[in-house]
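Notes to accompany the following structure.
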Amino acid sequence: MTPEQMDEKLTSLTRYSAADRQSGSPRLTLTFEAKPELDPVYTDSYSLTFKITRDSDDPQKEPCIIHWDPVDDGFSQSGIIILHHESNEELRPIQVEPSQLLATQFHPRDVPASDPCFKQLTPGDTVSWEMALPSVYFDSFIEDHLYEIFWPGGQISLWDWGTLVEHNDQLVPKFPAMVLPGGQHQSLEIINIESDIEDDIASGPSPRPLSPSARVSDAPVFSVSVAGPARLSMKDRNVSGGLGYPVTVTVTYNAAPDPLEEKPVIFHTFIFKDIDNRNNGFRLYVGGKDGWRPHELNGLLTHHLYRFCFPDPFHVGHSQDRFRTLRPGESCSLTREVSDFPKNAAPGDVFRYGYKGGKLDWWDWGNFGDYEDTVVWIYGGVTDPKDNEGRPGIMIPASNLIEFTIVE
């Protein structure tokens, strides 16, 4: 596709341009930055940094405040568009179910200084947010294909003249709405990086699985069980061509620390989705003449785990794919895949797989509705707020072990 053809296609998808700006409102521009490549086999996160800049030559010199949410506005139904470069030199938007993306909200909001979505700008100022691309897009990505991330333009209806200090009440939708012209775009290539990193890394003895005695008093009591098929066929391959063994993980909230209070608990599910770990989390064991030995983690996986080493902000109440909520006696199920097997795995080999135990990185009392405006920073686990804000740690002891055999 020629640059002229791309410009023509993107122009046809533009919702708002600079010509749509209303006189008398601040002149703002949205841009974004992101890595030009993504390897979805080894990372489930892709971050974009949104920037909103007020023109330095804006005729209006008075400061203004805005409310712009990178989730509700940047990745909503009216937010960015991702287009696929097709073989016939066409650009086709990725089709995402509208219900899987948020609708832009236009209701009044309080103006707390702690809300990262409220920003103050004078001419020449730039503000920014870093946010992960919604996981729903990952299902459409194809290896070795090229995509285009496009900002079609949008509006900011929650804005006003003045400073954040001057606004200690509600901000209501304002007319005319402020326009963020479209046009910014960037290419994204889906890749699969190969590495010659050795499969097995020499390391010391692995800690023993956690026992129930590791639980902390005054913390909710959780447990984990695992289930999976008794056989794994050599034909059962995942998207990267390796063996893939499906596991169902059931997390149960067994009891509250106070039997008289059965409040729900909301928690981050990272520890149940993280790659196999020699210290805690999940572990594969290999059967042999001398009994069972743990299979050491593939060095390639640890290499890719730390390729993206910066945290991203997430709204807890809007991130049902990363958080769950349970009441005492309730359970929820998650799925994961065992994919790191010995190189010489063959029919007849026997394995065991289970959860060694570990500590939830973040939890609190309540449900999703209580945390609609709560933002936490995540890089794997929750990094901010630190130490779960002083709440006692939920230690989850080791689960049962699944035993399965590789067959033809």
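In the UniProt record's numbering, the protein residues as written are 1 to 408.
Every residue, glycine too, gets a C-beta built ideally from N, C-alpha and C.
To which residues does DSSP link residue i through a beta bridge?
i    : result
D312 : I378
T405 : R231 and V350
E189 : E37 and L146
H167 : Looking at the DSSP assignment, H167 forms no beta bridge with any residue, so it has no partner.
I82  : I149
W365 : V265
S56  : Its beta-bridge partners do not exist; DSSP assigns none.
Using a 10 Å radius around the Cβ and a threshold of 16 neighbouring Cβ atoms, would you call residue i buried or exposed?
i    : result
R307 : Any reading at R307 needs caution, since the residue's pLDDT is 43, under 50, leaving its predicted position unreliable; the model's value is listed next. R307 is exposed by the Cβ-count criterion.
V382 : buried
F150 : buried
P397 : buried
S23  : exposed
K61  : exposed
Q77  : exposed
A219 : buried
E198 : With a pLDDT of only 41 at E198, under 50, the local geometry of the prediction cannot be trusted, and the value read off the model is given with reservation. Exposed, because fewer than 16 other Cβ atoms sit within 10 Å of the Cβ of E198.
L232 : buried
E262 : exposed
F175 : exposed
K235 : exposed
P70  : buried
T325 : buried
H303 : For H303, the pLDDT reaches just 42, beneath the cut-off of 50, and the residue's location in the model is therefore unreliable, although a value from the coordinates is still provided. Exposed, since its Cβ has fewer than 16 Cβ neighbours within 10 Å.
L260 : exposed
Output needed for residue i: all residues of its chain with C-beta closer than 8 Å, excluding positions within five of it in sequence on either side, in chain order.
i    : result
A227 : V247, T248, T250 and I402
D20  : G153, V179 and P181
T335 : P246, V247, T248 and V249
P63  : Q120, L121, T122, W161, G162 and T163
Q155 : Y16, A177, M178, V179 and L180
Can the beta-carbon of residue i be found closer than 8 Å to that of residue j?
i           : j    : result
P152        : I94  : no
W363        : I266 : yes
G242        : S339 : yes
K9          : L91  : yes
E143        : S187 : no
F141        : I190 : yes
L121        : R27  : no
A214        : P328 : no
V286        : P342 : yes
residue 443 : T14  : Lying outside 1 to 408, the shown extent of the chain, residue 443 is not represented and no answer is given.
F404        : P294 : no
P347        : E408 : yes
Judging by CA-CA distance, which residue of the options is the nearest neighbour of residue i?
i    : options                   : result
A18  : L30, P347, T49 and D7     : L30
E389 : D349, G241 and W365       : W365
T252 : T11, T269 and V179        : T269
Y16  : V179, R283 and E330       : V179
T163 : I65, L146 and S87         : I65
G393 : F222, E189, M6 and S157   : F222
V316 : E372, E337 and H295       : E372
W129 : S225, D115, D139 and S135 : D115
F323 : P342, P347 and L360       : L360
D72  : L326, D274, P134 and V376 : P134
F138 : N400, G380, L83 and D58   : L83
E97  : V136, R208 and E4         : V136
S217 : H185, I52 and M395        : M395
H85  : N367, T2, S47 and P59     : T2
E33  : S25, T43, L48 and D39     : L48
P59  : S25, D387 and K289        : S25
Sorted by chain position, which residues of the same chain lie with C-beta nearer than 7 Å to residue i's C-beta, five sequence neighbours on each side aside?
i   : result
G74 : F50, I80 and M131
Please list, in chain order, all residues of the same chain as residue i whose beta carbon is under 6 Å from its beta carbon, the five residues on each side excluded.
i    : result
D349 : I406
E330 : Y253
F282 : D276 and Y355
S56  : P123 and G124
F272 : V249 and L334
Y379 : P311
S203 : Confidence at S203 is low in this model, with a pLDDT of 48, below 50, so the placement of that residue is unreliable and no value is reported for it.
L210 : G357, P397 and A398
Hey, is residue i's beta-carbon within less than 8 Å of any beta-carbon in chain D?
i    : result
K119 : Although the question refers to chain D, the structure presented lacks it and comprises just one protein chain.
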